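Trainee: Residue numbers (the working numbering), protein chains in the order written: chain A, 1 to 462; chain B, 1 to 179.
Just so you know, even glycine gets a beta-carbon here, dropped at the ideal spot from N, CA and C.
Bear in mind the structure is a predicted one, so any value in this text is a computation, not a measurement.
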Amino acid sequence: MAAVTGTAKPPVIAPGHTFSTVTDKISAIVLTRKTSLGWYAGFGLSFLLTLVLFISVAYLVVKGIGIWGNNIPVGWAFEITNFVWWIGIGHAGTLISAILLLLKQTWRTSINRFAEAMTLFAVACAGLFPAIHTGRPWLDYWLLPYPNTMGVWPQFRSPIMWDVFAVSTYATVSALFWYIGLIPDLATLRDRSQSPTGRVVYGMLAMGWRGSAHHWHRYETAYLLLAGIATPLVVSVHTVVSWDFSIAILPGWHATIFPPYFVAGAIYSGFAMVLTLAIPIRAVYGLEDFITIRHLQNMAKVMLVTGLIVVYGYMTEMFISWYSADRFEVFVPFNRFTGPYAPFYLLLLFCNAVVPQALWFRRVRSSPLWLFVIAIIVNVGMWLERFIIIVTSLHRDFMPSAWGRYAPTFWDWSTFIGTIGLFVALIFLFVRFLPMISIFEMRTILPEAKVEEDVSGLRAEG
Amino acid sequence: MATTPTLYGLMAEFEDPTTLVAATQHAYREGYRSMDAYSPFPIEELHQALGSHHTRLPLIVLIGGLCGCLGGYGLQYWAAAIAYPINVGGKPFHSWPNFIPITFECTILAAALAAVFGMLALNGLPMPYHPVFNVPRFALASRNRFFLCIEARDPKFDLEKTRKFLETLNPREVTTVAD
């Protein structure tokens, strides 16, 4: 592909690889590579943070959500910020695996598997927050429509209910998509594993996959259809999340720009997280042949574009608040620039609007180190964006006598940092026990995978 | 009980996708129908070479999606307008625009489940045992080798003749597959 589009572009897979080298290299990370001390250290540390999460949630269940800093008027704070942040991160995985598949972007092949895993783990972290924020999480099943002795049904006109359906559908479809993509590679691991346990476990997970042409045909059809239905799904999820805000009448929330602005922000932060994970992983596991500079450059370009859409969203917010001539709406940007949370707003503009402009330069896009730094900054910026949207609108709404302030408590922080620990711990487990790059899809982009022309000639004659 | 294991078929191993596709086309023209080709990645031409037709999967997914759509909308209508009608902000009980997001999500969910379980069911998976796994070298079918298996139940199958025919297709080797 690189040869066709121009010599300046680095290839999507380093030259010289064959079916066997691709298979062996990726499966060896799981099957034969000695688990390094670094893996144990990284997993151990992130698992400790996961324990912090467990303790925070246990304490929350015992004491109630009073241990957090949110209180009227700021009834939503860290939990919803974290929820929106995590679920946004997930969006890049589905975008890479579904939308780029439909657009026939072959470069997606080396990053889609772990981007999908990232989606799954991010959605798990995201789903936790609204679940524990209900106050009595053991009654969360009340959100589901089921016949019950109380004779009540959920209120389907509420965006919160839409969210329940959108997020649970998203989690289910992401898991299915990821697992279906894994089946042929699990068969590879089953066939190559030297240990009896590995053969049994991978064998059961592979479900007897044998690579039959009939199976492949249905498999490809199913995969393509899943991509087709996951594409509108991923757009709908953050749209529904944005409706949680924009259907309310609160100044700063009640805006029609919210759905596209949220979806762009989600993809923006998601690609930042993919880069944050991909850059260290490719260096540690020596995967520079498969996750090439070309991939990093393309992801940087997606970040630049979605970042600009987000900046456009910021400008539209300000313009519409002025244009509305509604004094409460006009107050929102004024309060953001001069109110108690102004330093965070300015930091958010710096992280999301100023820093990513460096991505206009090819030199920056080609430098893993710079991309890593920018990706971290964007992650921080996108978290701040959700914090600002949620807290600045709530803390000063209409009546100054009802204004208030919010400051996070220890438990707010410990829960948030705990989910980062859970996310990283799951990533560590994933890279250790499953192939982090789709092996069978890598085979398809090798030059030797092409069936030569004269065969089609034979077929025409026969 | 038979003393010798029954025969499932004859399997030829190939080095590259082009040879496998050519071999499959030859076998099809020779009149073999009960056969299957195995490859470590999807090859579009291979499916055509086996003379297979379209899969019913898209229809299954469509039906799944429609069920989700009607089920999702019906659930909301029934709950909000019949089973538990409550007045929210003066909105009508059957406030259909508010029911669209969940209807959409239910459509997607049911279609995705239909795609995954439909594919598995049509493929007959999970299948813990299959005779092709009796060939030791078949483990390479998930790595870098390509296999064509002509099954013994094919009316044209004859151990000697079929083996001779497979030998002419440039295979790496031809082996018998025990059932």
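Look up B/T175 in the DSSP assignment and give the residues it is bridged to.
Mentor: DSSP output for B/T175 lists B/M11 as bridge partner(s).
Trainee: In whole angstroms, what is the alpha-carbon distance linking A/T7 and A/E452?
Mentor: Note that A/T7 has pLDDT 46, beneath the 50 cutoff, so the model's placement of it is unreliable and no number is given.
Trainee: Do A/L348 and A/F377 count as a contact pair if the criterion is CB distance below 8 Å?
Mentor: Position check: residue 377 of chain A holds Ile in this sequence, whereas Phe was assumed. For A/I377 and A/L348, no; Cβs fall outside 8 Å.
Trainee: To which residues of the same chain is B/D179 closer than 7 Å at the C-beta, ignoring the five residues directly before and after it?
Mentor: Closer than 7 Å at Cβ, skipping near neighbours: P5, T6, L7, Y8 and P131.
Trainee: Would you call the stretch 300-320 of chain A and the stretch 261-273 of chain A touching, i.e. three or more CB-CB distances under 8 Å?
Mentor: Counting Cβ pairs under 8 Å, three or more are found: they touch.
Trainee: According to the neighbour-count rule (16 or more other Cβ atoms, all chains shown, within 10 Å of its Cβ), is A/I72 buried or exposed?
Mentor: Answer is exposed; the Cβ neighbour count stays below 16.
Trainee: Please report whether the beta-carbon of B/F104 lies at a distance below 8 Å from any beta-carbon of chain A.
Mentor: Yes, B/F104 lies at the interface with chain A (some Cβ there is under 8 Å from its Cβ).
Trainee: Check each residue of the stretch 34-50 of chain B: if its Cβ is closer than 9 Å to any Cβ of chain A, include it; give the result in chain order.
Mentor: For the stretch 34-50 of chain B, which is checked against every Cβ of chain A, the residues closer than 9 Å are D36, A37, Y38, S39, P40, F41, P42, I43, E44, E45, L46, H47, Q48, A49 and L50.
Trainee: Less than 6 Å between C-beta atoms, sequence neighbours within five positions excluded: which residues of the same chain meet that for A/W86?
Mentor: Closer than 6 Å at Cβ, skipping near neighbours: A122, C125 and A126.
Trainee: Could you give the uninterrupted runs of the alpha helix (DSSP H) lying entirely in the stretch 246-320 of chain A, keeping only those of 4 residues or more?
Mentor: Fully enclosed alpha helix (DSSP H) runs of 4 or longer: 258-284.
Trainee: Please look up how many angstroms separate the CB atoms of A/I67 and A/W411, rounded, as I've assumed it's under 8 Å.
Mentor: Going by Cβ atoms, the distance from A/I67 to A/W411 rounds to 4 Å, so yes, they are a contact pair.
Trainee: What is the rounded straight-line gap between the Cα of A/S438 and the Cα of A/F319?
Mentor: If you take the alpha carbons of A/S438 and A/F319, they lie about 45 Å apart.
Trainee: Under the three-state reduction of DSSP, which class applies to B/A37: helix, strand or coil?
Mentor: Here B/A37 sits in strand by DSSP.
Trainee: Within 10 angstroms of its Cβ, does A/H295 collect 16 or more other Cβ (buried), or is it exposed?
Mentor: A/H295 should be labelled buried.
Trainee: In whole angstroms, give me the CA-to-CA distance for B/F165 and B/E15.
Mentor: Approximately 18 Å, taken between the alpha carbons.
Trainee: Which full runs of the beta strand (DSSP E) of 3+ residues lie inside the stretch 56-141 of chain A, going along the chain?
Mentor: Correct list: empty.
Trainee: Can you check whether the C-beta of A/M118 is within less than 8 Å of a C-beta belonging to chain B?
Mentor: So, not an interface residue.
Trainee: Answer with yes or no whether the minimum CB distance from A/T149 to chain B is below 8 Å.
Mentor: No, because no Cβ of chain B sits closer than 8 Å to the Cβ of A/T149.
Trainee: Can you look up A/S212 in the DSSP assignment and give me helix, strand or coil?
Mentor: Strand, per DSSP.
Trainee: In the DSSP assignment, what are the bridge partners of B/L148?
Mentor: B/L148 pairs with B/A12 and B/A37.
Trainee: Does chain B have any CB closer than 8 Å to the CB of A/T7?
Mentor: Because the pLDDT at A/T7 is just 46, under 50, the model does not fix this residue reliably, and the point stays unresolved.
Trainee: For A/M204, collect the residues of the same chain with a Cβ closer than 7 Å to its Cβ; drop the 5 residues on either side in sequence, then sort them by chain order.
Mentor: Here the set comprises nothing.
Trainee: Going straight from the alpha carbon of A/I374 to that of A/G421, what length do you get?
Mentor: Taking the straight line from one Cα to the other gives about 21 Å.
Trainee: Apply the 10 Å Cβ neighbour rule to A/Q194 and answer buried if 16 or more other Cβ atoms are within range, or exposed otherwise.
Mentor: Its Cβ having fewer than 16 others within 10 Å, A/Q194 is exposed.
Trainee: Return yes when the Cβ of A/L120 is within less than 8 Å of the Cβ of A/V234, no when it is not.
Mentor: No, these two residues do not count as a Cβ contact at 8 Å.
Trainee: Taking only three categories from DSSP, how would you classify A/A175?
Mentor: Note: A/A175 maps to helix in three-state DSSP.
Trainee: Put A/M382 into one of helix, strand or coil per three-state DSSP.
Mentor: In the structure shown, A/M382 sits in a helix (DSSP, three-state: H, G or I).
Trainee: Nearest by alpha-carbon distance to A/D244: which of A/R282, A/V61, A/L182 and A/P130 is it?
Mentor: Closest by alpha carbon: A/P130.
Trainee: Would the stretch 280-294 of chain A and the stretch 8-19 of chain A be scored as touching if the rule is three or more Cβ pairs under 8 Å?
Mentor: Yes, since at least three Cβ pairs between the stretch 280-294 of chain A and the stretch 8-19 of chain A fall closer than 8 Å, the two stretches touch.
Trainee: Taking the CB atoms as reference points, tell me whether B/P101 and A/V240 lie closer together than 8 Å.
Mentor: Taking 8 Å as the Cβ cut-off, B/P101 and A/V240 qualify as a contacting pair.
Trainee: Does the beta-carbon of A/T5 have 16 or more other beta-carbons within 10 angstroms, so that it is buried, or is it exposed?
Mentor: Unreliable positioning characterises A/T5 in this predicted model, as indicated by a pLDDT of 44, which lies under 50. A coordinate reading is not provided.
Trainee: Indicate whether at least one CB of chain B lies closer than 8 Å to the CB of A/H464.
Mentor: Within the shown structure, residues of chain A are numbered from 1 to 462, placing residue 464 of chain A beyond reach of any answer.
Trainee: Could you tell me the alpha carbon to alpha carbon distance between A/H91 and A/Q105, rounded to whole angstroms?
Mentor: Rounded to the nearest angstrom, the two C-alpha atoms are 17 Å apart.
Trainee: Could you tell me which chain A residues have their CB closer than 8 Å to the CB of B/M119, listed as they occur along the chain?
Mentor: Correct list: I180, R218, Y219, T221 and A222.
Trainee: Which residues bound the alpha helix (DSSP H) around A/Y202?
Mentor: Per DSSP, A/Y202 belongs to the alpha helix (DSSP H) from P196 to A206.
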